[in-house]
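In this note's numbering, the protein residues as written are 299 to 592. By construction, the Cβ of each residue, glycine as well, lies at the ideal position given by its N, Cα and C atoms. Source: prediction; values computed, not measured. Here the structure is laid out as structure tokens; the discussion comes afterwards.
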């Protein structure tokens, strides 16, 4: 009977032959998913024998991964901000770099709630546009140090909102959901917010056909394609956000690595924002745009 260490090596070999990035990691993660163990436990179990049932299941999942089906779609889960999110082909898989946006949002909310800013706010209203799986809005609702936080998550896709609702329930937060194109989803309620968050589609249309197979064929193009220059939704958000932000309200968005100057210019030319700046991720790439309404 095959041992765990040999099973993993064979999985890695098959994935490498299919030109899967990080084949060793994916082989280990798929085994951990089947065995219901943490990756740190693999070293301790390396010489354990693997049952035929586990072998069969393992190679079945390896086979799916060799077809460039995302690992997260095979397991149905993605960890984000230490929380376990359900994902499917109806939503963009939450990326680690997006955690920076959530961390910034939480930091701002906590500072205001604790009175570290000029105006203390004990009740905080947050809008998450293009929510997808709900990763941003749900994480903020769960992790911000604010007892009276009210988060609204919107998306144009009904199927995406179905996934987000499941995530809110499993993670244990009360979040309001609304379907519609950007602010249309909340326009009738005439609600204003203290913070608007968004990770909108920002990839240039001409780049879409050249994306990795995992992205191009398995994630929703609606959540990726930002138009000819990648800025279509940013123009709408920057233009309309002031109508939905309270005075001194904050707008935080994820951006593409080459979009900083264009976004800063859009915000400054709008005339309704008193502050705008960009924040880099750990790789030194411009990742987040922060703006404050007058």
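*Got a sec, what are the start and stop residues for the beta strand (DSSP E) residue 517 sits in?*
Residue 517 -> no beta strand (DSSP E), and no H or E assigned at all.
*Candidates 545, 337, 520, 316: closest to residue 303 by CA position*: If we check each option's Cα against that of residue 303, 337 comes out closest.
*N-terminal and C-terminal residue of the alpha helix (DSSP H) that residue 468 is part of*: In the DSSP assignment, residue 468 falls within the unbroken alpha helix (DSSP H) covering 456–469.
*So, helix, strand or coil for residue 575, using DSSP?*
Three-state DSSP puts residue 575 in a strand.
*Check whether the segment 419–433 touches the segment 474–494, counting contact only when three or more Cβ pairs, one atom from each stretch, lie closer than 8 Å.*
They touch, by the three-pair rule.
*At what residues does the alpha helix (DSSP H) containing residue 375 begin and finish?*
In the DSSP annotation of this structure, residue 375 is not part of any alpha helix (DSSP H); the continuous beta strand (DSSP E) holding it starts and ends at 375–378.
*Taking residue 336 as part of the alpha helix (DSSP H), name the residues at either end of that continuous run.*
According to the DSSP assignment, residue 336 belongs to no alpha helix (DSSP H), since it is labelled neither H nor E.
*If you check the beta carbons only, do residue 512 and residue 368 fall under 8 Å apart?*
The answer is yes: Cβ separation under 8 Å.
*Three-way DSSP call (helix, strand, coil) for residue 364 in this model*: In the structure shown, residue 364 adopts helical secondary structure according to DSSP, grouped into three states.
*Looking at C-beta atoms only, is the number of pairs between the segment 395–408 and the segment 464–473 that lie closer than 8 Å three or more?*
At 8 Å Cβ cutoff, the stretches do not touch.
*With distances taken from CA atoms, which of 447, 455, 323 is nearest residue 430?*
Looking at the Cα atoms, 455 is the closest of the given residues.
*Out of 533, 412, 555, point me to the one whose CA is closest to residue 563's CA.*
Residue 563 has its Cα closest to that of 533, out of 533, 412, 555.
*asked:* Mapping the DSSP letters down to three states, classify residue 392 as helix, strand or coil.
replied: Look at residue 392 here: in three-state DSSP terms it is coil, with no helix or strand label.
_residue 606 - containing beta strand (DSSP E), residue span_ = This structure cannot settle anything about residue 606, because the visible part of the chain is limited to 299 through 592.
*asked:* Is it the case that the segment 372–387 contacts the segment 340–350, given that we only count it when at least three CB pairs across the two stretches are under 8 Å?
replied: Verdict: no, contact absent.
*Enclosing alpha helix (DSSP H) for residue 440 [first to last residue]*: From DSSP, the alpha helix (DSSP H) with residue 440 extends over 433–441.
*When 390, 406, 495, 549 are compared against residue 501, the one with the closest alpha-carbon*: Residue nearest to residue 501 within the set 390, 406, 495, 549 is 390 (criterion: CA-CA distance).
*For residue 298, which residues from the same chain have a beta carbon less than 6 Å from its beta carbon, with the 5 sequence-adjacent residues on both sides left out?*
Limits of the chain in this structure are 299 at one end and 592 at the other, which puts residue 298 out of reach.
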